[in-house]
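**Q**
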Ligand SMILES: NC(=O)c1ccc[n+]([C@@H]2O[C@H](COP(=O)([O-])OP(=O)(O)OC[C@H]3O[C@@H](n4cnc5c(N)ncnc54)[C@H](OP(=O)(O)O)[C@@H]3O)[C@@H](O)[C@H]2O)c1
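In the numbering used here, the protein residues as written are 17 to 255.
1. Reducing DSSP to helix, strand and coil, say where residue 118 ends up.
2. Taking 7 Å as the cut-off, is the beta-carbon of residue 108 closer than that to any non-hydrogen atom of ligand 1?
3. Counting Cβ pairs, one atom from each stretch, are 3 or more of them under 8 Å apart for the region 138 to 155 and the region 200 to 215?
4. According to DSSP, is residue 156 helix, strand or coil?
5. Identify the residues that DSSP records as bridge partners of residue 210: which are they?
6. Which of the three DSSP states is assigned to residue 28 in this structure?
7. Count the other CB atoms within 10 Å of the CB of residue 53; is the residue buried (16 or more) or exposed (fewer)?
8. Compare the beta carbon distance of residue 233 and residue 221 with 8 Å and say whether it is the shorter of the two.
9. Can you give me the C-alpha to C-alpha distance between residue 65 and residue 29, rounded to a whole angstrom?
10. Shortest alpha-carbon distance to residue 70 belongs to which of 41, 144 and 217?
11. Per DSSP, residue 245 forms a beta bridge with which residues?
12. Pull up the DSSP beta-bridge partners for residue 49, would you.
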């Protein structure tokens, strides 16, 4: 039987690391875990000893477009025969600025990592997605990218600009991917406010709670859900 195959970016810490950990608890899962520096990704490599599924490490910086374009060379020996069932585009960065003080180069840098990188990555893994039966792309976005939710954002974060702009762009990317390729199932999702380096210690959810929800939702959605903007508990987020 063919394994269910997953590619997770930003897999060395935070939500990405927990995603790989939970996916590897399933013996039939084959997980390709991408990180910028696999040699230094010790927590990720340590998952191998307890894994029931199969773990492969690859090197990927989503903001380095040449690096992204070269990814198929690393994927071919792992996924060439099976294809890729699930792309989880999780890697992301956050900065704090405001609309009238932002540095445009800093804005472009965030958009490069959070939206342009995932766009190119989706293009380069498309032949692998086409080869496998599931054909699902999950973009890890944020409620920060929702215009309709700005009023619910805590005041300390409400004026933040570059990060929400990048996630709004990512959301639109997901929708455009769904429109262009109705055979794929593309979801953009907020993982909740999660206790990671990015989310901080005061966040509401532990990584294991968020990730259990993420996996439940992405494995349950069908092609009829493609283009939806969802929370990790499955609720729809208003655009
Ligand atoms: N935590 C939250 O509350 C929260 C809320 C909403 C959305 N999110 C989203 O959830 C995703 C994961 O966030 P997190 O909380 O796990 O953040 P995190 O703890 O800061 O981890 C970010 C991950 O992304 C990787 N990364 C950053 N830039 C990269 C690049 N250019 N190429 C490849 N990998 C890169 C990091 O790798 P390095 O170790 O090499 O830097 C790290 O593995 C992000 O997309 C974030 O926007 C998080």
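Even for Gly, the Cβ is constructed at its ideal location relative to N, Cα and C.
**A** With the given structure in hand:
1. Residue 118 sits at position 102 when you count from the first residue of the chain shown. Correct three-state label for residue 118: coil.
2. Stepping through the chain shown from its first residue, residue 108 is reached at position 92. Of the heavy atoms belonging to ligand 1, at least one sits nearer than 7 Å to the Cβ of residue 108.
3. Output reads yes: the region 200 to 215 touches the region 138 to 155.
4. Numbered from 1 along the chain shown, position 140 holds the residue referred to as residue 156. Residue 156: strand per DSSP, three-state reduction.
5. Position 194 of the chain shown holds residue 210. BP columns for residue 210 point to 221.
6. For this step, residue 28 is matched to residue 12 along the chain shown. In this structure, residue 28 counts as coil in the three-state DSSP scheme.
7. Taking the chain shown and counting its residues from 1, one reaches residue 53 at position 37. Around the beta carbon of residue 53, fewer than 16 other beta carbons sit within 10 angstroms, so the residue counts as exposed.
8. Within the chain shown, residue 233 is the residue found at index 217, counting from 1. Within the chain shown, residue 221 is the residue found at index 205, counting from 1. The answer is no: Cβ separation not under 8 Å.
9. Numbered from its first residue, the chain shown carries residue 65 at position 49. Numbered from its first residue, the chain shown carries residue 29 at position 13. In this model, residue 65 and residue 29 are separated by some 17 Å (Cα to Cα).
10. As a position in the chain shown, residue 70 is number 54, starting the count at 1. Looking at the Cα atoms, 41 is the closest of the given residues.
11. Position 229 of the chain shown, counted from the start, is the residue given in the question as residue 245. According to the DSSP secondary-structure assignment, residue 245 is paired through a beta bridge with 204.
12. Here the question's residue 49 lines up with position 33 in the chain shown. Looking at the DSSP assignment, residue 49 forms a beta bridge with 24 and 73.
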